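*Asks:*
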Amino acid sequence: MIKRFQNKVAESRFTLPAVAAYGIVVWLLCGLFQHQLWVQFACFVLATYLMVELNNSNVLIRIYSRSVSAAFIILSCIACFLFPSVEGAIVQLCFISSLLTLFRSYQDKTAVGLTFYTFVLLGLASLVEVHTFWFIPVYWIIMMFFIYSLTIRTFLASLLGILLPYWCLFAWILWRYEGDFTRLWQHFEPLADFLFPIDYTAIGLDRILTFAFFVVLFVTGLIHYLRTSFNDKIRIRQIYYSLIFLDIVAMAFLIAQPQHDDLMLRVIIITTSPLIGHFVALTYTRLTNIAFCVILGIAVILTAFTLWSSSFIF
85 MIKRFQNKVA ESRFTLPAVA AYGIVVWLLC GLFQHQLWVQ FACFVLATYL MVELNNSNVL
145 IRIYSRSVSA AFIILSCIAC FLFPSVEGAI VQLCFISSLL TLFRSYQDKT AVGLTFYTFV
205 LLGLASLVEV HTFWFIPVYW IIMMFFIYSL TIRTFLASLL GILLPYWCLF AWILWRYEGD
265 FTRLWQHFEP LADFLFPIDY TAIGLDRILT FAFFVVLFVT GLIHYLRTSF NDKIRIRQIY
325 YSLIFLDIVA MAFLIAQPQH DDLMLRVIII TTSPLIGHFV ALTYTRLTNI AFCVILGIAV
385 ILTAFTLWSS SFIF
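The sequence shown begins at 85 in our numbering and counts up one residue at a time.
1. What is the rounded straight-line gap between the Cα of residue 364 and the Cα of residue 352?
2. Closest to residue 218 by C-alpha separation, out of 392, 335, 390 and 386, would be which residue?
3. Counting Cβ pairs closer than 8 Å, one from the segment 301-313 and one from the segment 342-359, do we hit at least three?
4. Alpha helix (DSSP H) containing residue 377: first to last residue?
5. How many Å lie between residue 185 and residue 161 at the Cα?
6. Once DSSP output is grouped into helix, strand and coil, what is the label at residue 95?
7. Is the beta carbon of residue 168 less than 8 Å from the beta carbon of residue 234?
8. Whose C-beta lies closer than 7 Å to the C-beta of residue 196 among residues of the same chain, with five residues either side of it excluded?
9. Quick check on the DSSP output: the alpha helix (DSSP H) that includes residue 242 runs from which residue to which?
10. How would you label residue 228, buried or exposed, when you count the other beta carbons within 10 angstroms and need 16 or more for buried?
11. Mapping the DSSP letters down to three states, classify residue 345 as helix, strand or coil.
12. Suppose contacts are defined by Cβ-Cβ distances below 8 Å. Is residue 109 in contact with residue 135 by that definition?
13. Are the CB atoms of residue 181 and residue 205 nearer to each other than 8 Å?
14. If we count the other Cβ atoms within 10 Å of its Cβ and call it buried at 16 or more, is residue 297 buried or exposed?
15. Assuming residue 245 and residue 203 form a contact by the criterion Cβ under 8 Å, report the distance between their Cβ atoms to the nearest whole angstrom.
16. Taking the runs of the alpha helix (DSSP H) that are 4 residues or longer, which of them lie wholly in the segment 283-314?
17. Please give me, in chain order, every unbroken run of the alpha helix (DSSP H) with length at least 4 that falls completely inside the segment 173-248.
18. Give the single residue among 386, 372, 230 and 257 whose Cα lies nearest to the Cα of residue 328.
19. Our contact map puts residue 368 next to residue 139 with C-beta atoms below 8 Å; I'd like the distance itself, whole angstroms only.
20. Measure how close the beta-carbons of residue 266 and residue 347 come, nearest whole angstrom, since I'm counting them as under 8 Å.
21. Less than 8 Å between the beta carbons of residue 333 and residue 222, yes or no?
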């Protein structure tokens with residue numbers, strides 16, 4: 085088997101440090117010092133570590149490769165217009181953490197604790213961005229059809245996990261605002277706001293191009309994985325199918341309600357990274373090597389464009 089440029093990059097121990105350095109440069113250009121984006125940057129570093137852990141703990145790539153976490157950094161840098169949002173960074177952390185605990189409960193119908201923690205993390209994310217609630221039934225579907233962990237007990241544990249952050253918020257409002265729960269009801273009001281007819285004019289060209297590129301990467305990774313999934317163990321296949329399902333749902337949400345593109349793009353970055361990482365690490369043809377070089381080139385060009393259009397530089 086010939087090891088081409090893409091395979092050398094995917095299997096190199098220097099890939100992640102090199103991509104991390106690239107990510108730091110992008111953060112500096114985004115105004116890490118000028119705009120004091122330290123909290124957001126810390127969340128980004130922690131999110132990258134969690135993506136490494138997601139790969140390692142589930143053996144998403146069956147050879148040594150840091151392509152998943154490297155892909156996460158590169159895709160995040162393309163969507164650098166998301167960097168200034170502290171709320172979005174926290175939601176992304178909670179989302180990756182919830183996937184870590186969710187996948188640990190594979191085929192464990194007694195995983196009440198893990199299920200509870202999974203939905204506590206989703207509940208915390210929904211405190212910051214209420215539209216995270218849309219993913220709660222998606223997680224239940226994944227537990228039923230892909231992870232095989234949904235029972236009455238784990239379902240009740242998920243409800244308790246969702247409610248725990250709001251129970252704490254309820255107590256805080258009771259103490260701080262003397263029982264005035266108007267703020268709590270106002271928190272849930274955006275869930276009922278649906279934009280119709282759909283208006284894409286409010287979305288900038290940088291976001292449209294970013295989403296289009298992510299769709300191309302998803303389709304590339306999807307076709308590759310469906311063709312080669314038989315090489316992976318059943319557990320790994322089910323995890324990838326879960327990520328594919330989440331990816332499709334997030335893309336559908338973004339197309340249907342584009343005003344929530346910040347949240348959906350973050351989810352798409354998380355779920356697309358393993359797919360494209362699998363493609364880069366486990367294909368060996370001349371055509372895929374060319375595709376890798378093209379993808380890398382477009383990623384750098386798109387990152388420069390989003391930096392420019394977001395007025396971070398120039």
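Ideal Cβ positions, reconstructed from N, Cα and C, are used throughout, including at glycine.
Quick caveat, the model's predicted, so the values are computed rather than measured.
*Replies:* Well, looking at it:
1. 18 Å
2. 335
3. yes
4. 370-393
5. 26 Å
6. helix
7. no
8. 237, 238 and 241
9. 236-260
10. exposed
11. helix
12. no
13. yes
14. buried
15. 3 Å
16. 289-312
17. 196-212 and 219-226
18. 230
19. The Cβ separation is near 20 Å, so there is no contact.
20. Their Cβ separation, rounded to whole angstroms, is 24 Å, which puts residue 266 and residue 347 out of contact at 8 Å.
21. yes
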